[in-house]
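*Asks:*
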Amino acid sequence: MEREYRLEIIANTTDICLKAETAAAIGKFDGIHIGHRRLLEEILSRKRDGLAACVFTFDPPPTRFFGGSDDIGELTTREEKRLLFEMMGVDILIEFPLNEETAATPPESFARDILAGQMNARFVAAGTDLSFGAKGAGNAELLRKMSPELGFGFKTIEKVCLNGEEVSSTLVREKVEKGEMEEACRLLGMPYLIAGEVVSGNHIGRKIGFPTINILPEKNKLLPPNGVYFSTVSTGGKNYRAITNVGYKPTVADGKVMGVESYLYDFDGDIYGQQAEVYLHSFHRPERKFESVEALRRQLEVDITVGAGV
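The structure is reproduced here in structure tokens:
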């Protein structure tokens, strides 16, 4: 079941032509960390002036397009970005196609024809490290200089620092790759999100008294180290405390399918085909291969008891 969104999504086209006057934010927004959120707050605050909050980003992300590989894990997938932008109150999301032709757009043309023209921007916010247009020659300073001529206000958003470090997608990525989820949560301003459709598993959990839900993450999703995490799962408009296993489920599977499997406290429903969001709060223990399903059952009892007190 595909997720339905309330915000307007413009994708797979270079023909934007917005009628509403907009407050626009430009960026990659991988992770949508607290630095990104400060930028987004600028455009969301302009809604009181009658402007539509509009986010402009590229699809595929520049890191994947210019890196030439689909193996670069993303902190937030396309669907997760859509979900988070909607939750934050963004009105319009532009997923601008990035290809050889659009990547060669002169930055001045981008500002004039796309930002001021097709996007009808009356206010623009961008980070200090923004780059756009042919050879990445466009930057925040160029937009600032062109803004009076093009008729939009402009604001540069400085980097956010936390505990003496600049918050960046690279820093968040480092924390996630190390399984330091509490640190990642602080940088993101929320727990780490893995979203997807609930699929049928092997039902071992239900057979041993611990029914679970399974999500197969998108192949380009950056996952933390295999292991068990304390989490929250949101589905059907409700939130549930949960314990989540990230990995290959080695005791009960052939070890080839990467999955995200969650036990939800106080839940025993059938939600196959529905959308669910798993929010990872903290690391509990590494993934282990048990000598038997009974040994796995005993360990799950311990995990669930510990998780109940977290």
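First residue of the sequence shown: 44, per my numbering; consecutive thereafter.
Glycine included, each C-beta is placed from N, C-alpha and C at the ideal position.
Bear in mind the structure is a predicted one, so any value in this text is a computation, not a measurement.
1. Indicate whether the contact test is met: 3 or more Cβ pairs, each with one atom in the segment 151-166 and one in the segment 114-121, closer than 8 Å.
2. Which residue from R341, D73, G78, D346 puts its Cα closest to that of G204?
3. Does the beta-carbon distance from Y322 to L236 come in below 8 Å?
4. Taking the alpha helix (DSSP H) that F109 belongs to, which residues open and close that run?
5. Going by the CB atoms, is the gap between A169 and F195 shorter than 8 Å?
6. Under 8 Å, Cβ to Cβ, is there at least one residue of chain C near A96?
7. Please confirm whether V215 and G116 have their CB atoms less than 8 Å apart.
8. Suppose the cutoff is 7 Å on Cβ atoms and the five residues either side in sequence are ignored; what does the same chain contact list for E201 look like?
9. Going by DSSP in three states, P150 sits in which element: helix, strand or coil?
10. In whole angstroms, what is the alpha-carbon distance linking E220 and R340?
11. Taking buried to mean at least 16 other C-beta atoms within 10 Å of its own C-beta, is A180 buried or exposed?
12. Taking the straight line between their C-alpha atoms, what separation do you get for R107 and L141?
13. Alpha carbon to alpha carbon, what distance is there between T348 and V133?
14. So what's E184 in DSSP terms, helix, strand or just coil?
15. When burial is assigned at 16 or more other CB atoms within 10 Å of the CB, is S243 buried or exposed?
*Replies:* By the coordinates alone:
1. no
2. For the sequence presented, residue 204 should be read as Cys rather than Gly. When only C-alpha atoms are compared, the closest one is G78.
3. yes
4. 105-110
5. no
6. Annotation note: the requested chain C is absent from the structure, which comprises a single protein chain.
7. no
8. T171
9. helix
10. 28 Å
11. exposed
12. 10 Å
13. 39 Å
14. helix
15. exposed
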